[in-house]
Amino acid sequence: MSAKSDKVWTVALLQANPAMAGSLFSVLDILETANRIARLTRPQRAAPFRVRLLADRADELQSFSSQPIRPTGDLEEAFDADLVLVPAIAAFTPQEVERALDSCGALIGVLRRLDTDSCRLAAWCTGNYLLAEAGHLDGRHATTAWWLCEHFRRRYPRVIVDEDSLVIHDPRVSSSGTGNGAQDLLLKLVSDLTTARLAGLVAHYMLMDTGRTSQAIYRLPLPLHNPDPVLRRAINKMRRELHGELRMEAVAADLNLSPRSLVRLFNRELGRSPQACLQELRVQEARRLLEETELPLEQILERIGYRDPSSFRRLFGRVTSCTPAEYRRRFRPGAFDAGEGAEGA
Numbered sequence: 001m002s003a004k005s006d007k008v009w010t011v012a013l014l015q016a017n018p019a020m021a022g023s024l025f026s027v028l029d030i031l032e033t034a035n036r037i038a039r040l041t042r043p044q045r046a047a048p049f050r051v052r053l054l055a056d057r058a059d060e061l062q063s064f065s066s067q068p069i070r071p072t073g074d075l076e077e078a079f080d081a082d083l084v085l086v087p088a089i090a091a092f093t094p095q096e097v098e099r100a101l102d103s104c105g106a107l108i109g110v111l112r113r114l115d116t117d118s119c120r121l122a123a124w125c126t127g128n129y130l131l132a133e134a135g136h137l138d139g140r141h142a143t144t145a146w147w148l149c150e151h152f153r154r155r156y157p158r159v160i161v162d163e164d165s166l167v168i169h170d171p172r173v174s175s176s177g178t179g180n181g182a183q184d185l186l187l188k189l190v191s192d193l194t195t196a197r198l199a200g201l202v203a204h205y206m207l208m209d210t211g212r213t214s215q216a217i218y219r220l221p222l223p224l225h226n227p228d229p230v231l232r233r234a235i236n237k238m239r240r241e242l243h244g245e246l247r248m249e250a251v252a253a254d255l256n257l258s259p260r261s262l263v264r265l266f267n268r269e270l271g272r273s274p275q276a277c278l279q280e281l282r283v284q285e286a287r288r289l290l291e292e293t294e295l296p297l298e299q300i301l302e303r304i305g306y307r308d309p310s311s312f313r314r315l316f317g318r319v320t321s322c323t324p325a326e327y328r329r330r331f332r333p334g335a336f337d338a339g340e341g342a343e344g345a
């Protein structure tokens, strides 16, 4: 057995207020499950993880659903940890994130003082904002919640943002995307710090999918929180006319904009061109039809204005990281019932 599997790792979770309780407690459950399995499989050795939930002055935390969460220690205990985890802040929009960051001065200050030569750091979802504020993501690849990636990229230009990746693993600083991406991140850390066998057993007992690599499949072309009314009008026009030969000049004219102004608007708000967004809207509508109907792919393509099945499959794979058939099997209600297939996709 390797030396690393005999070590007891001190894990500190540095939680900001308010907390996303679901992902926080799923991580705590993963670590405790790893401890319990380790005790069963090697009773002569200590459990691998000693876990502390830390907060500013050990105040009672509030969850996204207003349920109280009591931490077990103060932020300063982080300096004794081998692994420091930064859970998500309960903030949904860029504006909410910025307001939350204003109240996280003490936590960010502790993170800035942590030395990645003596401990590992990892964060998920909006917790990555706290790592970025502390400077630990400068020059590194990182990810965050898919709908916040463009805001994250603008706020932290020294971070190399990968909006499609579910987990970006680095020997010293790791990150994962939104919500349940924390589970994928923790499995990787359990494997690294103990053994791949223990991580595999945790995944089996907790029914965790170990094959996920991308959050692209969940991404929507326009996040719900985007407030720009002109952008919304442009998106709505594109949606209404997906089936036709829509030209961006017509979209711009409908909004009393020049084509160049339309491109600037999309690049500023979404980080991509109007044409790229149109393609994503077509994929989004195809996803809806794959989920909600039995239509074969050829009929779906007619409804979204796409003529070439081969090129669409390539586009669909680029946006979602899977094929239309795989998507239908995974997301259509009843897809797991006996005898149902995905003909035509």
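The numbers in the numbering used here rise by one with no breaks, and the one at position 329 of the sequence shown is 329.
Glycine included, each C-beta is placed from N, C-alpha and C at the ideal position.
Please read all numbers here as calculations on a predicted model, not as lab measurements.
Handout entry: Under 8 Å between C-beta atoms of R52 and R120
Key = R120 sits away from R52, with the two beta carbons spaced by 8 Å or more.
Problem - Limits of the alpha helix (DSSP H) - the one that T33 falls within - result: In this chain, the alpha helix (DSSP H) harbouring T33 covers A21 to T41.
Problem - Boundaries of the alpha helix (DSSP H) in which S261 is found, first to last residue - result: Note, S261: alpha helix (DSSP H), P259 to L270.
Exercise for the section: Could you tell me the boundaries of the alpha helix (DSSP H) in which A100 lies? Expected result: P94 to D102
Problem - Reduced DSSP secondary structure (H/G/I, E/B, other) of Q62 - result: strand
Exercise for the section: Quick one: give me the first and last residue of the alpha helix (DSSP H) that S273 is part of. Expected result: No alpha helix (DSSP H) holds S273; DSSP gives it neither H nor E.
Practice task
Buried or exposed for T293, please, with buried defined as at least 16 other CB atoms from any protein chain shown within 10 angstroms of its CB.
Solution key: exposed
Problem - Complete runs of the alpha helix (DSSP H) confined to the stretch 153-194 [at least 4 residues] - result: 181-193
Practice task
Report all residues from its chain with a CB closer than 7 Å to the CB of I104; omit the five preceding and five following residues, and keep chain order.
Solution key: One point to set straight first is that residue 104 is Cys, not Ile, in the sequence displayed. The residues are A16 and L130.
Practice task
Provide the residue(s) that pair with L54 in DSSP beta bridges, ordered along the chain.
Solution key: L14 and G73
Practice task
Report the residue from K188, A250, D162 and L246 whose alpha carbon sits nearest the alpha carbon of G177.
Solution key: Taking the Cα of G177 as reference, the smallest distance to any Cα among K188, A250, D162 and L246 is reached at D162.
Problem - Sheet register partners of A123 (DSSP bridge) - result: V86 and S175
Problem - Span separating the alpha-carbon of Y218 from that of Q44 - result: 44 Å
Practice task
Starting from the Cα of D184, find the closest Cα among D164, L242, L28 and T213 and give me that residue.
Solution key: T213
Practice task
Report the three-state DSSP secondary structure of H136 (helix, strand or coil).
Solution key: coil
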